Amino acid sequence: MKKVLFATLLSAASLSHADVVVENPYARAVPPGQMNSAAFMMLKNTDSTPVALIAAKSDVAKSVELHNHINEEGVMRMRQVKEITIPANGMTNLQPGGYHVMFIGLNRDLPEGKSVDVTLQFSDNSSQTVTLPVKKVMAGMKHHQHKH
Ligand SMILES: [Cu+2]
C-alpha cells in the first residue's frame, strides 16, 4: 500500500533504484519508553555519478531525520544533515558514531527481533523501502543519546 502511494507521488520520476544498493540495514533496539532510536546501513552507489540520501520516512517515529556525529572539542554531538552523499562507484556507511537515520518520537517500542520499514529517498528521485531488523547495538552507542 505504501509503495503504491509512493509510486504515485513520484510518477514522473524514475522508479528504478538499481544505482543504490542497501546492505546490512538495521535499527537499534531500545528499552521500552525510550523516545528515540536510529537506523544504520551500508549504502553502495553502483553508478558513475554521485548520489545522495536526501530523506527517510517511517511510521515508526513522529519524525525521521538524517544525522551525523561531529566531534566538537572532544564531545560527540549529533547534527541534522540535509543529505548523505554516496560517491560515484563508492559507498557510505551509516554506523554508530557517524551518519545515521534518526527516529525521533517513537510510536512504538523497538525490542530486539522486531522489524521496521523505512523508505529512503535519493537525490536522483529514486526511492526504496527497506525492512530493517531491530538489533542490539553494542559499542559506541553511549554517544548516541540525546542527553547532551
Ligand atoms: Cu541522531
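The sequence shown maps to residues -18 to -1, 1 to 130 in mature numbering (1 follows the signal peptide of the UniProt record, and there is no 0). Beta carbons are placed, not taken as given, at the ideal position from N, Cα and C, and that holds for glycine. Model, not experiment: these values are computed from the prediction.
Please find out if some non-hydrogen atom of ligand 1 comes closer than 7 Å to the beta-carbon of residue 145. Because the chain here runs from -18 to 130, residue 145 falls outside it and cannot be looked at.
Exposed unless 16 or more other CB atoms sit within 10 angstroms - verdict on residue 52: Taking the sequence shown and counting its residues from 1, the one referred to as residue 52 is at position 70. Result: exposed.
Taking all protein chains shown into account, do 16 or more other C-beta atoms lie within 10 angstroms of the C-beta of residue 116, making it buried, or fewer, making it exposed? The count along the sequence shown starts at 1 and reaches residue 116 at position 134. By the neighbour-count rule (16 or more Cβ atoms within 10 Å), residue 116 is buried.
In the DSSP assignment, the beta strand (DSSP E) including residue 117 goes from what residue to what residue? Here residue 117 corresponds to residue number 135 of the sequence shown, with the count starting at 1. That run of the beta strand (DSSP E) goes 109 to 117.
Going by the C-beta, is residue 60 closer than 7 Å to any heavy atom of ligand 1? As a first step, residue 60 is located in the sequence shown; it is residue number 78 there, counting from the start. Under cutoff, so the answer is yes.
Tell me the DSSP secondary structure of residue 77 in three-state form. Here residue 77 refers to the residue found at position 95 of the sequence shown. In this structure, residue 77 counts as coil in the three-state DSSP scheme.
Closer than 7 Å: is that where the CB of residue 70 sits relative to any heavy atom of ligand 1? Here residue 70 corresponds to residue number 88 of the sequence shown, with the count starting at 1. Incorrect: residue 70 has no Cβ contact closer than 7 Å to ligand 1.
Buried or exposed: where does residue -5 fall if 16 or more other Cβ atoms within 10 Å of its Cβ makes it buried? Taking the first residue of the sequence shown as 1, we reach residue -5 at position 14. For residue -5, the pLDDT reaches just 46, beneath the cut-off of 50, and the residue's location in the model is therefore unreliable, although a value from the coordinates is still provided. By the 10 Å Cβ count, residue -5 comes out exposed.
Decide yes or no for the touch test of the stretch 53 to 64 against the stretch 5 to 13: beta carbon pairs closer than 8 Å, at least 3 of them. no
Quick one: is the Cβ of residue 9 within less than 7 Å of any heavy atom of ligand 1? On the sequence shown, residue 9 is found 27 positions in, with the first residue counted as 1. For ligand 1, not one heavy atom lies less than 7 Å from the Cβ of residue 9.
Report the partner residues of residue 88 according to the DSSP bridge assignment. One-based indexing of the sequence shown puts residue 88 at position 106. Paired residue(s): 43.
Could you check if residue 113 is buried or exposed, using at least 16 other CB atoms within 10 Å of its CB as the buried criterion? On the sequence shown, residue 113 is found 131 positions in, with the first residue counted as 1. Per the 10 Å Cβ criterion, exposed.
C-beta atoms of residue 3 and residue 38 nearer than 8 Å: By 1-based counting over the sequence shown, the position of residue 3 is 21. By 1-based counting over the sequence shown, the position of residue 38 is 56. No; because the gap between Cβ atoms is not below 8 Å, this pair is not in contact.
Is DSSP giving residue 26 helix, strand or coil here? Stepping through the sequence shown from its first residue, residue 26 is reached at position 44. Strand, per DSSP.
Residue 71, buried or exposed, once every other Cβ within 10 Å from all chains shown has been counted against 16: By one-based count along the sequence shown, residue 71 stands at place 89. Per the 10 Å Cβ criterion, exposed.
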